[in-house]
Amino acid sequence: MKIRLAIYLQSQFSQLPNTKHLHFLYHIMIKGRLSKIYLSPKTHFIRLMDQLIDFCTIACLSKIVSEIIICYLAYSNDLRTHSFTIFQLKKMLNTCKIVLFYLIACFLTCSASDTPKVRVSSGEISGGYEYSYNGRKIYSFLGIPYASPPVQNYRFKEPQPVKPWLGVWNATIQGSACLGPDYASNFKFVGQEDCLYLNVYTPKLPQDNTPDDLMDVVVHIHGGAFVGGQGISYSPQYLLDINDFVYVSINYRLGVLGFATTGDDILPANNGMKDQVAALKWIKQNIVVFGGNPNSVTITGISAGASSVHYHMISPMSNGLFNRAIIQSGSAFCHWSYIENVAQKTQYIANILGCPTNNSVDIVECLRSRPGSVIAKSFIEFMPWKYNPFSPFGPTVELTGDEKFLPDIPEKLVPYDIPVLMSVSRDEGFDTAIYIMNENGINELNDNWNEYLPHLLDYNYTIANEKLRTKISQDIKKFYFGDKTLSKETMSNLVEMITDRTFGYAISKAAQQIAAKNTAPVYFQEFGYSGNYSVITNVDPKSYSRGSNVTHADEIIYVLKMKNYPVHDNEEDTNMMKTMVNIWSTFIKNGVPDIGNSDIWLPVSKNPTDPFRFIKITQQQTFEATEQSNHGNYAFWSNLPLTEFNEVNVPEEPQPVNPWLGIWNATIPGSACLGPDYESNFKLAGQEDCLYLNVYTPKLQKKNTPDVLMDVIVHIHGGAFMSGQGIAFGPQYLLDINDFVYVSINYRLGVLGFATTGDNILPANNGMKDQVAALRWIKQNIVVFGGNPNSVTITGMSAGASSVHYHMISPMSKGLFNRAILQSGSAFCPWSYTENVAQKTKYIANMLGCPTNNSEDIVECLRSRPGPVITQSFIEFTPWRFNPFSPFGPTVELAGEEKFLPDIPEKLDPYDIPVLMSLNKEEGLIIAKFIMHGNGINELNDNWNEYLPHLLDYNYTISNEKLRTKISQDIKKFYFGDKTISKETMSTFAKLLSDRIFGYAISKAAQHISSKNKSPVYFHEFGYSGNYSILAFGDPKSYSRGSSVTHSDDTMYVLNMKNYPVHDNEQDTNMMKTMVNIWSTFIKNGVPDIGNSDIWLPVSKNPTDPLRFIKITQQQTFEATEQSNHGNYAFWSNLPLTEFSEVNVPEDIKIDSQSLI
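UniProt numbering puts the first residue of the sequence shown at 1, with every later residue one more than the last.
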């Protein structure tokens, strides 16, 4: 009888949580011994009696309740004060044996009538019970289908709606996991294809589900690198102990079955992610019957689950399905969470499984005939070293399909504006490091570093060039290990390397990007508490001890009860559990995590250039507010030429912006385009995702009628077409008293903006077409900012001025503006028109290991190379002190349906609009100063004939060396006579540079425009030297007030330039007012006002007349001037320079590579 009763008890109670309590009672009452007490008898007995009372109270069996209470109260006081012996305990329990038999009767009587049931959209469900950590009853509904089984013809299809069922669905048994490896059992495959189930846990089932009593919903997405895992592994026993939440965990298809694609409509990508969307939609529709509020949903995830949460934040398919997000140890920016070449991998799998690969229909039809387990296991083909890279299949950009989960790379998609809580563990990579160390991996990795590291850190398939891959591997080794090798002594170095690459820097980058794009807060924490249990204890118990390392997923075990992990059984771990549960629960309720001192946990800054703000949770269970500028060694990793997030088949010309969901946060400037920063020693800055503009307006009118709209100014930044950004020029001076709408823009630079193959495959001038796209956007949208689209003045300085001139002669820019201001540049300047661009593009392709036989191969290959590497390649064409300084820029287009520049500038007529042009008195002084630094004087004196053609940019246009030498000597004789460059002849050197690079070409442009048009062209030379100058920024010792006026000095009196102080003295303030007045009157009327309009005459319509202009002097006076030889025009125009020759270049022209470097 006792044996049969014991078996019965075990069978009935084995599904209840806290089964150790029941085992305790069973072994005491039935077997009469304490052989299997797992925790203290006191704790178990008290918890057990509380639960039994609760159980029978629900059943309304008052007699049984009274018996239990009598037994419980008789001994609870002694138990709580520990005043008992083991013999007393046995005697006590013998007295209470009768209670157990009452309990059996209670169970048999009540079990049938107390089954929880709900009705969802597909039918009725019956569930069961579980218990929280401290014995709170939770209703559980396991294995609920949210989509039809993805089997047979549904394999490789998007999730289909679940079909209604007859009768009552038994939700007491969990649904199968999806097919994938079980990481806890040495990659043994588990699961089935029929796996699209979810689990719902709720502390109460209300009768009337009104908004007032509905509970917040928590949806957890499991991790497992998108190839393993299941939702049931994470349960809410800790989280629901005291919180009224409805908790849901879900399954989704994994690996090949979840993420294979043929890259077209036959098998679209991301079915696993679409499963998650289907689950979220099911929850939105049905969660109310479980007591959940469909309008208060927090999605959470660990590892690949965290990346999934981030993906839902940027996916158009997930819009409106959730309200908050918790992201633990993962993001869409992690290299392993965005997968490359998925279509090619799918084709490869089809081939190895004996399927035809000629077309997508045959591939899919054949793969549907193969066993699911065989397909699922095939992912190992892409994990060549110790199961690395560990995530060969997962989310990728969708190129086709009616409804795309991921329409572009993650960095280009705007996240939904919701509160976010993010975290990492301190030593994320420790578990991976331990696995490698235990499998003879130390020796293997040391001996094959260049071969195996790209697999471990997942860049083998994204860096096609072996030499580049090897260089990256060696750079990583040097950075983390120096001259040491991998060993037990350098274990911490290995952990740091894996942590940074696999999690750290990408997750902090994601946090900063989300914060920058949104108004809602992003909170971030680093978990540093090491308790009794860890993921490592399941992998290698000997390598873990309390207080040591905190690895991947260690944080989650303090919020959710994880399968195969014990419950927390000591005070410290229990306190940490309470802390973590409190952080989650307050965030779920309010969008703000509570740690008892809200002042120290600040959200991540909205400015991505600010230090990264977060809190550290320490081993001592304290909170440390922290700021780091280089979290996860971000600077190192972001500068490596890694390519996991390259553009995906994006056309080269600017494309219309995709409409966004929600509200775009326009409080943070967009990234600069990739290019060298001239103010930081040519350090590379910016990103490829850079086509942004900035709008400033003094007022926003509700009624945008023509009589109240304001004049518009569009400023185009300079930087030799190689660098710069629009945000560097602000309108604080200009809008001080003027009602203008001011816009500054970015455009692609250097190789990325101006490379061309000379044909329709890669047409020229994409950077200029970006500017056209911005002008068209302004024409269409500026009215909502109060701007008049029919009164637009485009302005620019240096390359920006040349851009303005180009727009005046481009057929693509017709009708987009009404006036033009050109400062220190024109399309006639030698550096603003670029020669041999197609040949240079081909040379770069060859240098980066790309085929050069045809344009398609060149472009396809270059798209696979890192943007920073392509950008930096311009240095190949600047052989002496970064000269010539503009090796890529506008050029004539020989092909293409819409040409920005169909001919050389001099042969195109400018639009007939008012123009204001200017230059500075000593434009070339800034370049002269740069050359004078270091040993530049001696280098140029000793190598005049070799270096001067690079400095003055005629090396590539004069192919005859003797002619090039003669020109160099003629220039030397004209400017220096028999002298050499020295400090004494510095002014002569500056004059030479001013004339060649700016002066004569700008004055020539002014006369050319004036002669072609009826509208006036006004010209001035700026000669005022204030407290600040570009020279003072670069070399403060070489500049003093009243000394010299160089390139861009006039702009700082009209626009507030980045890194330059505001004007803080009366003279400079007066000059600012004068320059602002000149601009503002011209913008309003097309005529600049200096108080005496009689002296400032427009440039003559006759190009043979002297150049008419005014000089603005150091004394802030205006001098009307006429010069027949401005910028030594006669000398330069008579030299046989050929930068604007006719352009009829054959496509197969050959260039000696030595002439390009």
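Ideal Cβ placement from N, Cα and C applies to all residues, glycine included.
How far does the beta strand (DSSP E) with residue i in it extend, from its first residue to its last?
{"i": "residue 123", "result": "123-126"}
{"i": "residue 789", "result": "787-797"}
{"i": "residue 220", "result": "215-221"}
{"i": "residue 138", "result": "137-145"}
{"i": "residue 200", "result": "197-202"}
{"i": "residue 821", "result": "819-823"}
Would residue i be called buried (16 or more neighbouring beta carbons within 10 Å of its own) or exposed?
{"i": "residue 834", "result": "buried"}
{"i": "residue 1139", "result": "buried"}
{"i": "residue 119", "result": "exposed"}
{"i": "residue 320", "result": "exposed"}
{"i": "residue 462", "result": "buried"}
{"i": "residue 1085", "result": "exposed"}
{"i": "residue 246", "result": "buried"}
{"i": "residue 25", "result": "Residue confidence for residue 25 is low, a pLDDT of 39 falling below 50, so the modelled location carries little weight and cannot support an answer."}
Measure how close the beta-carbons of residue i and residue j come, nearest whole angstrom, since I'm counting them as under 8 angstroms.
{"i": "residue 146", "j": "residue 162", "result": "6 angstroms"}
{"i": "residue 302", "j": "residue 276", "result": "So it is not a contact: roughly 14 angstroms between Cβ atoms."}
{"i": "residue 219", "j": "residue 248", "result": "5 angstroms"}
{"i": "residue 769", "j": "residue 654", "result": "6 angstroms"}
{"i": "residue 198", "j": "residue 584", "result": "Not a contact, Cβ separation roughly 20 angstroms."}
{"i": "residue 1013", "j": "residue 912", "result": "4 angstroms"}
{"i": "residue 226", "j": "residue 367", "result": "Not a contact, Cβ separation roughly 19 angstroms."}
{"i": "residue 626", "j": "residue 529", "result": "Wrong, their Cβ atoms sit about 15 angstroms apart, outside the cutoff."}
{"i": "residue 775", "j": "residue 721", "result": "Going by Cβ atoms, the distance from residue 775 to residue 721 rounds to 17 angstroms, so no, they are not a contact pair."}
In whole angstroms, give me the CA-to-CA distance for residue i and residue j.
{"i": "residue 475", "j": "residue 850", "result": "23 angstroms"}
{"i": "residue 1132", "j": "residue 1030", "result": "27 angstroms"}
{"i": "residue 989", "j": "residue 745", "result": "34 angstroms"}
{"i": "residue 1043", "j": "residue 1025", "result": "6 angstroms"}
{"i": "residue 300", "j": "residue 869", "result": "37 angstroms"}
{"i": "residue 526", "j": "residue 547", "result": "16 angstroms"}
{"i": "residue 969", "j": "residue 950", "result": "14 angstroms"}
{"i": "residue 701", "j": "residue 740", "result": "13 angstroms"}
{"i": "residue 766", "j": "residue 481", "result": "42 angstroms"}
{"i": "residue 824", "j": "residue 1112", "result": "15 angstroms"}
{"i": "residue 806", "j": "residue 318", "result": "44 angstroms"}
{"i": "residue 551", "j": "residue 308", "result": "20 angstroms"}
{"i": "residue 1094", "j": "residue 1066", "result": "27 angstroms"}
{"i": "residue 1075", "j": "residue 1115", "result": "14 angstroms"}
{"i": "residue 832", "j": "residue 1080", "result": "27 angstroms"}
{"i": "residue 134", "j": "residue 377", "result": "41 angstroms"}
{"i": "residue 406", "j": "residue 213", "result": "36 angstroms"}
{"i": "residue 431", "j": "residue 183", "result": "12 angstroms"}
Alpha helix (DSSP H) containing residue i: first to last residue?
{"i": "residue 965", "result": "961-976"}
{"i": "residue 280", "result": "271-286"}
{"i": "residue 1114", "result": "Counting along the chain, residue 1114 falls outside any alpha helix (DSSP H), and DSSP gives it neither H nor E."}
{"i": "residue 573", "result": "571-590"}
{"i": "residue 344", "result": "342-352"}
{"i": "residue 469", "result": "466-481"}
{"i": "residue 325", "result": "Where residue 325 is concerned, there is no enclosing alpha helix (DSSP H), although the beta strand (DSSP E) it sits in stretches over 324-328."}
{"i": "residue 375", "result": "372-377"}
{"i": "residue 952", "result": "Run containing residue 952: none; DSSP gives neither H nor E here."}
{"i": "residue 634", "result": "634-639"}
Per DSSP, residue i is paired with what?
{"i": "residue 180", "result": "190"}
{"i": "residue 715", "result": "744, 795"}
{"i": "residue 1057", "result": "729"}
{"i": "residue 504", "result": "Per DSSP, none; premise fails for residue 504."}
{"i": "residue 524", "result": "422"}
{"i": "residue 301", "result": "221, 327"}
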